[in-house]
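Presented below is the structure to which this report refers.
Numbering (the working numbering), first residue to last: 166 to 248.
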């Protein structure tokens, strides 16, 4: 399985996660401001957002690969199987 977020999807995910963190996490005012600055440094169409999108895609797919690819011993041999 491969997941590929596009930049608008990554931007929406970033906005949602950062908003939840700012609104619901027990953060200092400086911490909340740091999150807001980090988010404002990644506007739509920016190179920083393109890098974030690439990094998100790599992280999500690495997690999926680790979750669904397994080494299984069968008849004395180890095989890589997908679940």
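Positions of the beta carbon are idealized from the N, C-alpha and C atoms, including for glycine. In this text, all values refer to a predicted model and were calculated from it rather than measured experimentally.
With fewer than 16 other Cβ atoms inside 10 Å of its own Cβ, residue 203 counts as exposed. Rounded to the nearest whole angstrom, the CA to CA distance from residue 226 to residue 194 is 34 Å. For residue 180, same chain residues with a beta-carbon under 6 Å away, outside a window of 5 residues either side, do not exist. In the three-state reduction of the DSSP assignment, residue 177 falls in the helix class.
Membership of residue 230 in the alpha helix (DSSP H) is indicated by the continuous run 212-233.
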